[in-house]
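Encoded as structure tokens, the structure appears first; notes follow it.
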Amino acid sequence: MSRAQLTSTVEQNSAGAAAPVVGGKNFVINGGMDFNQRGSAAVSATNAYCLDRWYVSGFGSGANNSFGQIGTGDGPANFKNYLRYGQGAGTTSTNFFLSQSLETLNVIPLQGKTVTFSFWYRTATAFTGSWTAGIYTSTATDSNINTLWYYGNTVASVSLTNSSGWSYAKVTGIIPSNANSLAVGFSSTTNIVANATFDVTGVQLEQGSVATPFSRAGGTLQGELALCQRYYEVSSGNTIFSGNVTSGVTYYTTASFKVTKRTSPSVTFTSQGFTGFASGAPTSYQSGNTEIWCGNAANSTTNGGFFQFTYVASAEL
Amino acid sequence: MAIRYEEITNEFGQKQVKRFDEDGTIWFIPTDPANSDYQAYLATLAANSAPTA
Numbered sequence: 001m002s003r004a005q006l007t008s009t010v011e012q013n014s015a016g017a018a019a020p021v022v023g024g025k026n027f028v029i030n031g032g033m034d035f036n037q038r039g040s041a042a043v044s045a046t047n048a049y050c051l052d053r054w055y056v057s058g059f060g061s062g063a064n065n066s067f068g069q070i071g072t073g074d075g076p077a078n079f080k081n082y083l084r085y086g087q088g089a090g091t092t093s094t095n096f097f098l099s100q101s102l103e104t105l106n107v108i109p110l111q112g113k114t115v116t117f118s119f120w121y122r123t124a125t126a127f128t129g130s131w132t133a134g135i136y137t138s139t140a141t142d143s144n145i146n147t148l149w150y151y152g153n154t155v156a157s158v159s160l161t162n163s164s165g166w167s168y169a170k171v172t173g174i175i176p177s178n179a180n181s182l183a184v185g186f187s188s189t190t191n192i193v194a195n196a197t198f199d200v201t202g203v204q205l206e207q208g209s210v211a212t213p214f215s216r217a218g219g220t221l222q223g224e225l226a227l228c229q230r231y232y233e234v235s236s237g238n239t240i241f242s243g244n245v246t247s248g249v250t251y252y253t254t255a256s257f258k259v260t261k262r263t264s265p266s267v268t269f270t271s272q273g274f275t276g277f278a279s280g281a282p283t284s285y286q287s288g289n290t291e292i293w294c295g296n297a298a299n300s301t302t303n304g305g306f307f308q309f310t311y312v313a314s315a316e317l
Numbered sequence: 001m002a003i004r005y006e007e008i009t010n011e012f013g014q015k016q017v018k019r020f021d022e023d024g025t026i027w028f029i030p031t032d033p034a035n036s037d038y039q040a041y042l043a044t045l046a047a048n049s050a051p052t053a
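Protein chains in written order, with this note's numbering: chain U, 1 to 317; chain P, 1 to 53.
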């Protein structure tokens, strides 16, 4: 079949050219809320990442509030997962901020361009105050503007009405030519109701003035996970040093990251087991974009000594 | 207890920052200007050394 014939067939079948579902169209990573490497069912703190790439910068006064990944199959059509903000029982917090910042390398292609921000949301329990979703920018480089965007430059925003079922919303704006950081976010600052929930998924930021069907930034599940791991990675299995060891001598091992990091990451270790070494995690000696190098001092002389550990590497904004 | 920092130099002469979180987690932070944890450490240093009115 020739290209012309194929194009004609597509147009006949779909009554017009369909927007392609391709990697790179969507500038929001994990917009389908598919990955939650931090693993906890919910986050209950301010200024912390929850699902991959999504940052909670306001949490109100309620100690029982939470953010988590829901994958029970009651998302909007074509989505399994969504992110839920849950207001604790008996609490009526007054601040809620959830957003994702883009690194400068991903903002530069959007400078001076028209962009459209779209998503699905649901408020199963009505809120007394309005919610806002918007696009926000900063001239700073590689900035996590989550904590500042509420007071920063608003490119465009839309007020969300309460909706017990899934609703689709979108907003279009022009990114300033001097913008180096950009965030898309959701906020509510007044009278959040006890036990209320705010659900969101299918978040997309794309060039142009038209909201097209959702596409994962990475194109595929594996591609999306790799994009997430550019910023944050939990090691799988255990990294291990093993050998005959002498008390007082430090032994080293290197672990390669699954994905090259945005920048040299901060790392933390968890000890999984040891013989010939003291309890506690190893020490990091160097952390580059691609690997970590760590060591541990033996505290006894023995054959078959080892230390075994997992690590977390964070190169988040 | 608040987050605590410690600046260290290992036996290879490399400088690092250790961050002790309230939950007991210890982070090793590279002295990389693009690392946001290092930026936060520098901001803490600057805030602590700022003159008081």
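Backbone N, C-alpha and C define an ideal beta-carbon position, used for all residues, glycine too. The structure displayed is predicted, hence computed values, not measured ones.
Q) If contact means a Cβ-Cβ distance below 7 Å, which residues of the segment 284 to 311 of chain U contact chain P? A) S284, Y285, Q286 and S287
Q) Can you tell me whether DSSP reads P/T31 as helix, strand or coil? A) coil
Q. Can you give the Cα-Cα distance for U/A77 and U/S57, rounded to whole angstroms?
A. So the two alpha carbons sit approximately 29 Å from each other.
Q.
Let me confirm a value: U/G88 is counted as buried when at least 16 other C-beta atoms fall within 10 Å, else exposed. Which label applies?
A. Under this definition U/G88 is a buried residue.
Q: Consider the Cβ of U/T260: report whether some Cβ of chain P lies at a distance smaller than 8 Å.
A: Taking Cβ atoms only, chain P never reaches closer than 8 Å to U/T260, which makes this a no.
Q | For U/V107, three-class secondary structure by DSSP | A | helix
**Q.** Contact the segment 288 to 304 of chain U vs the segment 40 to 51 of chain P: 3+ CB pairs below 8 Å
**A.** These segments do not touch.
Q.
Let's test the definition: count the other Cβ atoms within 10 Å of the Cβ of U/G134 and tell me whether it reaches 16, buried, or not, exposed.
A. buried
Q: Check the Cβ of P/I29 against every Cβ in chain U and list those closer than 8 Å, keeping chain order.
A: S266
Q) Looking only at DSSP bridge pairs, what is U/Q308 linked to? A) Residue pairing of U/Q308 in beta bridges, as defined by DSSP: U/I240 and U/G273.
Q. So what does DSSP say about U/Q100, is it helix, strand or coil?
A. strand
Q: Give a yes or no on whether 8 Å exceeds the smallest Cβ distance from P/I3 to chain U.
A: no
Q: Please work out which residues of its chain come closer than 7 Å, Cβ to Cβ, to U/Q308, disregarding the five sequence neighbours upstream and downstream, and give them in chain order.
A: For U/Q308, the CB contacts under 7 Å within the same chain, skipping 5 residues up- and downstream, are N238, I240, Q272, G273 and F274 in chain order.
Q. Excluding the five sequence neighbours on either side, which residues of its own chain have a C-beta within less than 7 Å of the C-beta of U/F104, listed in chain order?
A. What sits at residue 104 of chain U in the sequence shown is Thr, not Phe. Closer than 7 Å at Cβ, skipping near neighbours: T141, D142, N180 and S181.
Q: Compare the Cα-Cα distances from U/L102 to each of U/L83, U/Y231, U/L225 and U/G68 and report the closest residue.
A: U/Y231
Q: With a cut-off of 8 Å on the beta carbons, I'd call U/S164 and U/T123 a contact; round off their distance for me.
A: 7 Å
Q) How should U/A48 be labelled, buried or exposed, when 16 other C-beta atoms within 10 angstroms of its C-beta is the threshold for buried? A) exposed
Q.
Using 8 Å for Cβ pairs, my map puts U/T254 next to U/W293. What's the rounded Cβ distance?
A. Contact flag correct, Cβ pair sits at about 5 Å.
Q. When DSSP labels each residue in this structure, what does U/C228 get in the three-state scheme?
A. helix
Q.
Could you compute how far the alpha carbon of U/T7 sits from the alpha carbon of U/S209?
A. Reliability fails at U/T7, whose pLDDT of 41 lies under 50, so the model's placement of it is uncertain and the value that follows must be treated cautiously. Their backbone Cα atoms lie some 24 Å apart in a straight line.
Q: Buried or exposed for P/E7, please, with buried defined as at least 16 other CB atoms from any protein chain shown within 10 angstroms of its CB.
A: Classification of P/E7: exposed, given that the 10 Å Cβ count is below 16.
Q.
With H, G and I counted as helix, E and B as strand and the rest as coil, what does DSSP make of U/Q87?
A. coil
Q | Alpha-carbon to alpha-carbon, U/T201 and U/E11 | A | Confidence is the limiting factor: at U/E11 the pLDDT is only 40, short of 50, which leaves the residue's position unreliable and the question unanswerable from this model.
Q) Using a Cβ-Cβ cut-off of 6 Å (strictly less than) and excluding sequence neighbours within five positions of U/S188, which residues of its own chain qualify? A) F96, G129 and W131, listed in sequence order.
Q. From U/Q37 to U/F214, what does the alpha carbon distance come to, in whole angstroms?
A. U/Q37 and U/F214: Cα-Cα distance of roughly 22 Å.
Q: Out of U/W120, U/R262, U/S236 and U/I145, state which residue places its alpha-carbon closest to the alpha-carbon of U/T212.
A: The shortest C-alpha separation from U/T212 is found at U/W120.
Q. Can P/Q16 and P/P33 be called in contact, C-beta distance under 8 Å?
A. no
Q: Locate the alpha helix (DSSP H) running through P/Q39, then write down its first and last residues.
A: S36 to S49
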